[in-house]
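A.B. asks: Under full-length UniProt numbering, think of the first position of the sequence shown as 1, with each following residue one higher.
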Amino acid sequence: MAPYVLPDLDYDYGQLEPVIIGDINELHHSKHHAAYVKGTNDTLEKIAAARDAGDFSSIVGLETTLAFNLAGHTLHNQWWRNLSPDGGDKPTGELAAAIDEHFGSFDGLRAQLNAVSGTIQGSGWGVLAWDPIGSRLITQQLKDHHSNLSIATTPLLVFDTWEHAYYLQYKNVKTDYIDRLWNIVNWADVTARFDEARAGVNGLRPPAPQG
Ligand code: MN
Numbered sequence: 001m002a003p004y005v006l007p008d009l010d011y012d013y014g015q016l017e018p019v020i021i022g023d024i025n026e027l028h029h030s031k032h033h034a035a036y037v038k039g040t041n042d043t044l045e046k047i048a049a050a051r052d053a054g055d056f057s058s059i060v061g062l063e064t065t066l067a068f069n070l071a072g073h074t075l076h077n078q079w080w081r082n083l084s085p086d087g088g089d090k091p092t093g094e095l096a097a098a099i100d101e102h103f104g105s106f107d108g109l110r111a112q113l114n115a116v117s118g119t120i121q122g123s124g125w126g127v128l129a130w131d132p133i134g135s136r137l138i139t140q141q142l143k144d145h146h147s148n149l150s151i152a153t154t155p156l157l158v159f160d161t162w163e164h165a166y167y168l169q170y171k172n173v174k175t176d177y178i179d180r181l182w183n184i185v186n187w188a189d190v191t192a193r194f195d196e197a198r199a200g201v202n203g204l205r206p207p208a209p210q211g
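(1) Output needed for Trp80: all residues of its chain with C-beta closer than 6 Å, excluding positions within five of it in sequence on either side, in chain order.
(2) Can you tell me whether His146 sits near the ligand MN, meaning its C-beta is under 7 Å from at least one heavy atom of the ligand?
(3) So, are the CB atoms of Val190 and Leu142 less than 8 Å apart?
(4) Should Ile184 be labelled buried (16 or more other beta-carbon atoms within 10 Å of its own) or exposed?
(5) Quick one: using the 10 Å Cβ neighbour count with 16 as the cut-off for buried, is Gly211 buried or exposed?
(6) Have a look at Thr64, His102 and His32 and flag the residue whose alpha-carbon is nearest the alpha-carbon of His73.
(7) From Pro3, Val5, Gly134 and Leu27, pick the residue whose C-alpha is nearest to that of His164; which is it?
(8) Determine the extent of the beta strand (DSSP E) in which Gln141 is found, giving its start and end residues.
(9) What residue from Ala67, Ser58, Val37 and Lys46 has the CA that sits closest to Ser147's CA?
(10) Let me check you understand the geometry: is the CB of Asp89 closer than 7 Å to at least one non-hydrogen atom of the ligand MN?
(11) Going along the chain, which residues of its own chain have a beta-carbon closer than 6 Å to the beta-carbon of Ser117, five neighbours each way excluded?
(12) Taking the alpha helix (DSSP H) that Ala152 belongs to, which residues open and close that run?
(13) Starting from Leu95, trace the alpha helix (DSSP H) in both directions and tell me its first and last residue.
Given below as structure tokens:
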């Protein structure tokens with residue numbers, strides 16, 4: 001089985017400036033995201049070794065480490081594609097209508113997701129998600145990468161609020177960072193995820209071409 005790999009980005013590290021400086025994106029992709037990829041591959045090897053040895057005494061810790069790293073990899077795959085140098089503005093069409101239905105207005109969503117993202121205690125993510133059980137949009141507040149999650153939902157738009165995502169540039173003013181993210185949201189990508197999720201497709205779209 002092929003190991004997990006770090007995807008290439010669709011843009012250069014500096015192209016999300018001035019919202020996110022290139023130094024942050026370079027560290028975030030080449031160090032942080034890369035560490036989640038390595039952590040996933042290493043943990044799967046350790047689980048295989050435990051299975052081969054017939055000794056699952058370490059499986060609880062390994063499963064926790066796998067969940068942390070694989071969810072981190074999955075979320076960062078989406079993070080890079082949820083953003084674009086050509087992003088910003090607002091969604092249109094059925095996604096815009098669904099946002100109006102479930103949040104009152106685009107401004108309602110924006111205020112709610114800003115609050116969700118800005119109040120996480122510790123590291124985590126603010127998420128706009130599709131819930132197939134209720135056939136509706138909801139927001140979610142993920143702790144770390146994988147806690148406080150409703151299992152059936154599909155993330156459509158994810159805001160990384162780990163300190164590594166903003167601290168070099170915004171220092172302790174996390175709310176400014178979160179509010180400016182809206183200027184680089186790739187609504188074409190979010191809309192594609194929305195359409196797939198509503199169609200019952202696994203909305204976790206495959207990562208960008210890998211290299
Ligand atoms: Mn991150």
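Where is the CB? At the ideal position from N, CA and C, for every residue including glycine.
Quantities reported herein were computed from a predicted structural model and do not represent experimental measurements.
C.D. replies: Once the coordinates are examined:
(1) Position 80 of the sequence shown, counting from 1, holds the residue named residue 80. So the qualifying residues of the chain are Leu9.
(2) Stepping through the sequence shown from its first residue, residue 146 is reached at position 146. It does not: the Cβ of His146 is nowhere closer than 7 Å to a heavy atom of the ligand MN.
(3) As a working note, residue 190 is residue 190 in the sequence shown. As a working note, residue 142 is residue 142 in the sequence shown. Cβ distance not < 8 Å, so Val190 and Leu142 don't count as in contact.
(4) Locating residue 184 in the sequence shown gives position 184, counting from the first residue. Buried, because 16 or more other Cβ atoms sit within 10 Å of the Cβ of Ile184.
(5) To locate residue 211, count along the sequence shown from 1; it is residue 211. Reliability fails at Gly211, whose pLDDT of 41 lies under 50, so the model's placement of it is uncertain and no value is given.
(6) Here the question's residue 73 lines up with position 73 in the sequence shown. Here the closest residue by C-alpha is His32.
(7) Taking the sequence shown and counting its residues from 1, the one referred to as residue 164 is at position 164. Cα-wise, what sits closest to His164 is Leu27.
(8) Here residue 141 refers to the residue found at position 141 of the sequence shown. Note, Gln141: beta strand (DSSP E), Arg136 to Lys143.
(9) Mapped onto the sequence shown, residue 147 falls at position 147. Checked all of Ala67, Ser58, Val37 and Lys46; the closest Cα to Ser147 is Ala67.
(10) Your numbering for residue 89 matches position 89 in the sequence shown. No.
(11) As a position in the sequence shown, residue 117 is number 117, starting the count at 1. Here the set comprises Gly126, Phe159, Thr161 and Ile178.
(12) Within the sequence shown, residue 152 is the residue found at index 152, counting from 1. Run containing Ala152: none; DSSP gives neither H nor E here.
(13) For the purposes of this step, residue 95 is taken as residue 95 along the sequence shown, with counting starting at 1. Counting along the chain, the alpha helix (DSSP H) containing Leu95 begins and ends at Gly93 to Phe103.
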